[in-house]
Amino acid sequence: MSEQLCQDIIALNESLYQSCTLCPRLCRADRRKTLGYCRSSSQVKVARAALHHWEEPCISGIRGSGTIFFSGCTLGCCFCQNFPVSHEGFGKEISVRDLADIFLRLQAQGAHNLNLVTATQYLPSIVEALDLIKATLDIPVVYNCGGYERVEVVKSLKDYVDIWLPDLKYWDLNISSRYSQASDYFPYASEAILQMIRQTKAPVFDDQGLMKSGVIIRHMVLPGLKEDSIRLLRWMKETLPSGKYYISLLSQYTPFYRAKKGGDFPEISRRITTYEYEKVLDTAVSLGLTHGFMQEKSSAKEEYTPPFDLEGV
Numbered sequence: 002m003s004e005q006l007c008q009d010i011i012a013l014n015e016s017l018y019q020s021c022t023l024c025p026r027l028c029r030a031d032r033r034k035t036l037g038y039c040r041s042s043s044q045v046k047v048a049r050a051a052l053h054h055w056e057e058p059c060i061s062g063i064r065g066s067g068t069i070f071f072s073g074c075t076l077g078c079c080f081c082q083n084f085p086v087s088h089e090g091f092g093k094e095i096s097v098r099d100l101a102d103i104f105l106r107l108q109a110q111g112a113h114n115l116n117l118v119t120a121t122q123y124l125p126s127i128v129e130a131l132d133l134i135k136a137t138l139d140i141p142v143v144y145n146c147g148g149y150e151r152v153e154v155v156k157s158l159k160d161y162v163d164i165w166l167p168d169l170k171y172w173d174l175n176i177s178s179r180y181s182q183a184s185d186y187f188p189y190a191s192e193a194i195l196q197m198i199r200q201t202k203a204p205v206f207d208d209q210g211l212m213k214s215g216v217i218i219r220h221m222v223l224p225g226l227k228e229d230s231i232r233l234l235r236w237m238k239e240t241l242p243s244g245k246y247y248i249s250l251l252s253q254y255t256p257f258y259r260a261k262k263g264g265d266f267p268e269i270s271r272r273i274t275t276y277e278y279e280k281v282l283d284t285a286v287s288l289g290l291t292h293g294f295m296q297e298k299s300s301a302k303e304e305y306t307p308p309f310d311l312e313g314v
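Residues 2 to 314 in the numbering used here are what the sequence shown spells out, letter by letter.
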């Protein structure tokens with residue numbers, strides 16, 4: 002990374018599509034003419050925009066989170082449950098004005114928030130859409146991402162994102178390289194999450210228990226990798242400021258895409274055991290990481306993946 006990139010805060014404008022540095026890949030593709038590493042052009046592509054009820058309770062509430070699934074992804078997770086969207090490019094191309102209208106339509110439907118899922122590759126367009134409706138949007142904006150973000154991009158979203166919902170997937174770089182094609186995952190994700198916490202400070206909730214601002218760090222326990230999960234929890238305890246974030250420990254891993262039985266990654270072609278999840282959960286409790294959420298093992302079901310049928314697009 003050049004010294005200039007390290008020093009500057011990214012201006013999220015259309016020029017970034019000409020030599021893309023939105024994510025840590027720094028692929029510098031001219032996305033007006035070709036696809037970036039994220040498998041995306043400069044044209045916003047959306048697979049679904051609807052009320053979603055399967056996020057953490059303080060995000061979904063009783064009416065649902067207004068969730069927009071963007072096509073493409075900056076990671077390459079072999080087990081992605083949204084692989085038709087992230088890897089195979091399913092979605093519909095829309096204009097910035099269309100995107101702004103979708104935001105307002107979800108608000109009118111009663112969404113507790115706008116939930117932007119894997120949005121990094123389209124940030125210049127998303128920021129433009131949010132600017133179009135800033136006078137009429139009165140619900141929080143949630144940034145739902147894989148954690149693999151540049152600090153400069155996080156800083157540039159200070160006035161746009163209220164709630165950060167990042168994954169913290171891996172500690173071991175060999176594991177992140179194998180399963181997500183990101184040999185530098187933890188250095189980027191850890192610094193990005195620290196910046197998210199600096200920007201939001203302590204979580205804020207309304208009188209109904211809905212989050213208005215803050216950070217929820219998600220971690221999904223993977224089969225055979227409980228020790229990596231435990232390392233991440235210890236890092237969180239030792240490094241992140243106490244009381245400034247929530248955690249969400251996920252047991253929902255289901256072998257999708259290339260991790261299915263008979264696929265390329267047989268060692269993770271199963272669901273996690275109760276023992277694996279409870280060892281991670283017990284570690285979190287012993288470390289005092291009790292502000293947050295856990296899942297029942299019954300959450301590991303394929304029906305929890307929403308249908309990608311262009312609803313709301």
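The C-beta atom is built at its ideal place from N, Cα and C for all residues, glycine as well.
Cβ distance (whole Å) where Gly67 is taken to contact Asn145 below 8 Å: In fact, because the Cβ distance is near 11 Å, the residues do not count as touching under 8 Å.
DSSP three-state assignment for Trp236, whether helix, strand or coil: helix
Touch test, the stretch 31-50 against the stretch 167-176, Cβ-Cβ under 8 Å, three pairs minimum: no
Buried or exposed (CB count within 10 angstroms, at least 16 for buried), Asn114: buried
Test item: CB-CB of Tyr246 and Ile269 under 9 Å: no
Contact set for Arg232: own chain, Cβ-Cβ below 6 Å, skip 5 residues either direction: Trp172
Anticipated Cβ contact below 8 Å, Ala50 with Ile103, distance rounded: 5 Å
Outcome for Met2 when other beta-carbon atoms lying within 10 angstroms are tallied against a minimum of 16: At Met2 the pLDDT is 43, less than 50, meaning the model places this residue with poor confidence; the figure from the coordinates comes in the next sentence. The residue is exposed, with fewer than 16 neighbouring Cβ atoms inside 10 Å.
Straight-line gap, Leu36 to Trp236 (C-alpha atoms, nearest Å): 36 Å
Secondary structure of Phe71, DSSP reduced to three states: strand
Distance between beta carbons of Gly73 and Ser87, contact taken as under 8 Å: 7 Å
Assigned secondary structure, Cys146 (DSSP; H/G/I helix, E/B strand, else coil): strand
Length of the line joining the Cα atoms of Val314 and Tyr161: 22 Å
Supposed contact pair Cys79 and Phe309 - C-beta distance, whole angstroms, cut 8 Å: Actually they do not touch by this definition, with Cβ atoms about 19 Å apart.
Residue burial classification, Ile10 (beta-carbon count within 10 angstroms, cutoff 16): exposed
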